[in-house]
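Here the structure comes first, spelled out in structure tokens, and everything after it is commentary.
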Ligand SMILES: Cc1cc2nc3c(=O)[nH]c(=O)nc-3n(C[C@H](O)[C@H](O)[C@H](O)COP(=O)(O)OP(=O)(O)OC[C@H]3O[C@@H](n4cnc5c(N)ncnc54)[C@H](O)[C@@H]3O)c2cc1C
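Residue numbers (this note's numbering): 181 to 594.
See the structure below:
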């Protein structure tokens, strides 16, 4: 049976390993970290959000981005300093403005497929990850924002998403902890939230029980091809403290599947392909709800505040995740206090809960210029990609894992 090496144990790698294992492949997952889902799949916004399928390739987004460049706490920040990678990405992003509608509809299609598959997997494999099937509520503060939202909603509905306009009173009935003033909202009852890290770790454990091997603490540095094999060369990563395995480890496989998140850019380059993933940084805070008042006053229904571009997810009784911001500033992973503070302020402005105990985090979204994931065979026929899910990796991975496994099965039957 063909042996597939999956590079990356984030949500895309683990769901791919699951589907390939189900189809009968021998699977080895390699990651430089010591545990699954330690990079972008660690503490994201938590939303399984078909309702957030709108791609960003719009003139209005570009104009907003330019306007925000001088505002330190803006939801979108572009560091204008020169980098060939960043500017190539931005130019390609602009060329996809014409595909805005088609790409948004395609994203809805993938998100709906993924939603169904993820729920199926979670139930079948009994994975607990603080899943809340209470829908997602988009909140709009002004008439102007609401009218733009109506146009977006028409495209989402054309993609077969069930999403309804609701009044401020209906918003408060759906989520009684809301305290602010709103012009109106849109509610997507079928969307959900959950902890991506818990899910990935849980699914990795299940796949391991079913025979998938995990090789942690290894950095993939090269792949060589013989006539019928791929030889994956790895070095101990900086996290690997095992002195007995110094030097290069070789793992021989039939096929390689790249699920490397923001590292897919370098991996593709090494494999002779171009995958123009750019790291778009975002931040989250996890508010620890330690007192009765905070537990009671934190929302359970997931929210998206359109003007602040902030999302929330209730992760069990005692945690509220808040995420937002998009920064174009290279591979820098520093957690900046001035980017975390607006998230804390937003919580204090909108809810009567304590922000005394807050865990900050920053991650890099693996974003393609057209905002669609890359699910394809490489130039070298033994190489495949399932990567570039950008701001929607949690929402889309369960679908793209099925699609790439089916493509592998067509080309290299197990
Ligand atoms: C602030 C924030 C909020 C978000 N909110 C949401 C949300 O609400 N809903 C949603 O759907 N999505 C959200 N996302 C996006 C989502 O989290 C990502 O799209 C998703 O986690 C990406 O998963 P991945 O598997 O592609 O990458 P990762 O999780 O980063 O996994 C890639 C793995 O590959 C490994 N790797 C890379 N190169 C190598 C190499 N050479 N050798 C060995 N290992 C390697 C890395 O170590 C890493 O573990 C958010 C992202 C951010 C930053």
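Where is the CB? At the ideal position from N, CA and C, for every residue including glycine.
As the structure is a computational prediction, the values presented were derived from the model and not from experiment.
In this structure, what does DSSP give as the bridge partners for residue i?
{"i": "residue 393", "result": "208"}
{"i": "residue 366", "result": "318, 345"}
{"i": "residue 547", "result": "458, 569"}
{"i": "residue 312", "result": "373"}
{"i": "residue 432", "result": "411"}
{"i": "residue 187", "result": "210, 438"}
{"i": "residue 557", "result": "564"}
{"i": "residue 404", "result": "411"}
{"i": "residue 595", "result": "No answer is possible for residue 595: the residues shown for the chain start at 181 and end at 594."}
{"i": "residue 540", "result": "465"}
Is the CB-CB distance between residue i and residue j below 8 Å?
{"i": "residue 172", "j": "residue 412", "result": "As shown, the chain starts at 181 and ends at 594. That puts residue 172 outside it, with no answer to give."}
{"i": "residue 580", "j": "residue 546", "result": "no"}
{"i": "residue 316", "j": "residue 484", "result": "yes"}
{"i": "residue 229", "j": "residue 371", "result": "yes"}
{"i": "residue 259", "j": "residue 509", "result": "yes"}
{"i": "residue 362", "j": "residue 329", "result": "no"}
{"i": "residue 458", "j": "residue 266", "result": "yes"}
{"i": "residue 462", "j": "residue 567", "result": "no"}
{"i": "residue 288", "j": "residue 341", "result": "yes"}
{"i": "residue 410", "j": "residue 436", "result": "yes"}
{"i": "residue 527", "j": "residue 451", "result": "no"}
{"i": "residue 373", "j": "residue 482", "result": "yes"}
{"i": "residue 268", "j": "residue 419", "result": "no"}
{"i": "residue 233", "j": "residue 191", "result": "no"}
{"i": "residue 456", "j": "residue 548", "result": "yes"}
{"i": "residue 469", "j": "residue 499", "result": "yes"}
{"i": "residue 592", "j": "residue 182", "result": "yes"}
{"i": "residue 301", "j": "residue 383", "result": "yes"}
{"i": "residue 558", "j": "residue 453", "result": "yes"}
{"i": "residue 364", "j": "residue 347", "result": "yes"}
{"i": "residue 514", "j": "residue 542", "result": "yes"}
{"i": "residue 535", "j": "residue 524", "result": "yes"}
{"i": "residue 555", "j": "residue 583", "result": "yes"}
{"i": "residue 210", "j": "residue 414", "result": "yes"}
Flag residue i as yes if its beta-carbon sits less than 8 Å from any beta-carbon of chain D, otherwise no.
{"i": "residue 450", "result": "The displayed structure is made up of one protein chain only, and chain D is not part of it."}
Between the alpha carbons of residue i and residue j, how many angstroms are there, rounded?
{"i": "residue 464", "j": "residue 551", "result": "21 Å"}
{"i": "residue 416", "j": "residue 214", "result": "11 Å"}
{"i": "residue 322", "j": "residue 188", "result": "42 Å"}
{"i": "residue 343", "j": "residue 298", "result": "20 Å"}
{"i": "residue 281", "j": "residue 335", "result": "7 Å"}
{"i": "residue 491", "j": "residue 480", "result": "12 Å"}
{"i": "residue 569", "j": "residue 206", "result": "25 Å"}
{"i": "residue 277", "j": "residue 238", "result": "5 Å"}
{"i": "residue 562", "j": "residue 202", "result": "20 Å"}
{"i": "residue 284", "j": "residue 274", "result": "15 Å"}
{"i": "residue 586", "j": "residue 405", "result": "23 Å"}
{"i": "residue 516", "j": "residue 432", "result": "41 Å"}
{"i": "residue 244", "j": "residue 219", "result": "29 Å"}
{"i": "residue 578", "j": "residue 199", "result": "9 Å"}
{"i": "residue 390", "j": "residue 184", "result": "15 Å"}
{"i": "residue 338", "j": "residue 286", "result": "10 Å"}
{"i": "residue 438", "j": "residue 511", "result": "19 Å"}
{"i": "residue 395", "j": "residue 385", "result": "13 Å"}
{"i": "residue 544", "j": "residue 204", "result": "33 Å"}
- Count the C-beta pairs between the region 195-203 and the region 348-367 that are closer than 8 Å, then say yes if the count reaches three, no if not. No: the two stretches stay apart, fewer than three of their Cβ pairs being nearer than 8 Å.
- Mind listing, in chain order, the continuous alpha helix (DSSP H) runs of no fewer than 4 residues lying wholly within the region 219-296? Whole alpha helix (DSSP H) segments, 4+ residues: 239-248, 264-275.
- Query: What are the start and end residues of each continuous beta strand (DSSP E) run of 3 or more residues lying completely inside the region 464-536, in chain order?
  - Reply: For the region 464-536, whole beta strand (DSSP E) runs of length 3 or above, ordered along the chain, are 482-485, 490-494, 499-508.
- Are at least three pairs of beta-carbons, each pair with one atom in the region 466-482 and one in the region 286-304, less than 8 Å apart? Taking a cut-off of 8 Å on C-beta distances, the region 466-482 does not touch the region 286-304, as fewer than three cross pairs fall below it.
- Does the region 217-227 come close enough to the region 568-582 that 3 or more CB-CB pairs lie under 8 Å? Because the criterion of three Cβ pairs below 8 Å is met, the region 568-582 and the region 217-227 touch.
- the region 374-394 contacting the region 304-320, beta-carbon criterion three pairs below 8 Å: The region 374-394 vs the region 304-320: in contact.
- Query: Would the region 254-269 and the region 496-512 be scored as touching if the rule is three or more Cβ pairs under 8 Å?
  - Reply: Short answer: they touch.
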